[in-house]
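Asks: With my numbering, the residue at position 79 of the sequence shown is 99, and numbering never jumps. Mind looking over this structure? Questions follow.
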Amino acid sequence: MSNTTSNSRSSGSLTDVGPGRWTLDAAGTSVRIQHRTIWGLVNVKGVFTKVSGEGEVLAGGGAHGSITIDAASLDTKNAKRDKHLRSADLFDVDKHPSIVFTATGVTPAGNGTAQVTGELTVLGVSHALSFTAEASEVSADAVTLTAEVQVDRKEFGMTWNQANMLKPLTFVTIAARFTRRSA
């Protein structure tokens, strides 16, 4: 797996985000995928419509948390394709209904960015994942972190590939908005 920095612009400093418990704002969050198929000729785009999560910002400025994605909520605007993506050939949502990213460390890195390290679990298989996220909408009560990461589906046992039509890398773009929990 490799990482890239999001193209989003920062509008605040992560030092404005104080310690406390935070909840993912599902309505303000998007998790999108792009994957090349048909020997690289078609760029399939989709969005996971159901996400949840939480985090904790520590007194020293670091943070940790998790995001859970309902794998069956993937919508590519093509019902037949979505049914196949949910099948045992790919996401196998009957056996593995959730995709989980657990951030074990989120460290402010300057210029409105944070270094994120953690573990991504897909199909019950977990792999380390690190990337740089950019912060926007930073305030005492809300923060949005955006990033784009590349994920190799084969690393998670997602090996179906009829006629070698699928490229191994999927691009995942996330904009995760967190709001401070009331005390």
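The beta-carbon is built from N, C-alpha and C at its ideal position, and this holds for glycine as well. It should be emphasised that the depicted structure is a prediction, and the values quoted were computed from it without experimental measurement.
From L110 to V51, what does the alpha carbon distance come to, in whole angstroms?
Replies: Those two C-alpha atoms are separated by around 18 Å.
Asks: Please classify S159: is it buried, with 16 or more other beta-carbons within 10 angstroms of its beta-carbon, or exposed?
Replies: That one is exposed.
Asks: Apart from the five residues just before and just after T190, which ones in its own chain have a Cβ nearer than 6 Å to its Cβ?
Replies: I53, H55, V171, R173.
Asks: Could you check if A153 is buried or exposed, using at least 16 other CB atoms within 10 Å of its CB as the buried criterion?
Replies: By the 10 Å Cβ count, A153 comes out buried.
Asks: In its own chain, which residues sit with a C-beta less than 6 Å from the C-beta of R106, not counting the 5 before and 5 after it?
Replies: These residues qualify, in order along the chain: A92, V113.
Asks: Starting from L105, trace the alpha helix (DSSP H) in both directions and tell me its first and last residue.
Replies: Segment 99–106, the alpha helix (DSSP H) holding L105.
Asks: Put D36 into one of helix, strand or coil per three-state DSSP.
Replies: D36: helix per DSSP, three-state reduction.
Asks: Grouping DSSP H, G and I as helix and E and B as strand, with all else coil, what is S118?
Replies: Residue state, collapsed to three classes: strand.
Asks: Rank L78, G177, A99 by C-alpha distance to the C-alpha of H116 and give the top, closest one.
Replies: Measuring from the Cα of H116, the nearest candidate turns out to be G177.
Asks: Output the distance between the C-alpha atoms of K70 and I89, rounded to the nearest integer angstrom.
Replies: Their backbone Cα atoms lie some 6 Å apart in a straight line.
Asks: Along the chain, where does the beta strand (DSSP E) that runs through V192 open and close?
Replies: Its beta strand (DSSP E) spans residues 189–200.
Asks: At the level of alpha carbons, what is the spacing between G40 and T124?
Replies: If you take the alpha carbons of G40 and T124, they lie about 16 Å apart.
Asks: Output the boundary residues of the beta strand (DSSP E) element that contains A148.
Replies: That run of the beta strand (DSSP E) goes 145–156.
Asks: Assign L78 to one of two classes, buried (16 or more other C-beta atoms within 10 Å of its C-beta) or exposed (fewer than that).
Replies: Exposed.
Asks: Report the residue from V64, V136, K187, R201 whose alpha carbon sits nearest the alpha carbon of N98.
Replies: Cα-wise, what sits closest to N98 is V64.
Asks: Just tell me which of R197, S156, K187, L140 has its CA closest to the CA of V62.
Replies: Ranking R197, S156, K187, L140 by Cα distance to V62 puts K187 first.
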